[in-house]
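Down below is the structure, laid out as structure tokens.
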Amino acid sequence: MTYHTGIRQVQLAWYNRAGKRLASIGDPGIYHQIALSPDNRRLVVERVDPNKNTGIYNFWLLELSSGVL
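Be aware that the sequence shown starts at 148, since it is given in this note's numbering, and climbs by one per residue.
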């Protein structure tokens with residue numbers, strides 16, 4: 148499950164069922180759509196490129212084992 152409120156910079160994170168934060172995922176950023184792969188190894192996110200101030204969203208693939216976006 149994913150949850151976000153509005154358009155602002157956030158830090159993606161893993162939480163357990165009790166709501167305790169377990170670990171951060173990737174870098175902070177402005178994220179929109181988020182999808183976890185069926186094997187739980189990759190995360191696809193729609194986000195604003197942090198190196199460009201365009202406000203344009205692109206899809207990024209995050210390898211969860213390495214944290215590389």
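All residues carry an ideal CB built from backbone N, CA and C; glycine is no exception.
Model, not experiment: these values are computed from the prediction.
Check	Outcome
Short Cβ contact (8 Å threshold) for P175 with Q158	yes
Straight-line Cα distance separating A170 from R164	14 Å
Coil, strand or helix - R194 by DSSP	strand
One or two residues paired with S171 in a DSSP bridge	A160
Through-space distance from E210 to R248, alpha-carbon basis	Lying before the first or after the last residue shown, residue 248 is absent from the chain, which here runs from 148 to 216.
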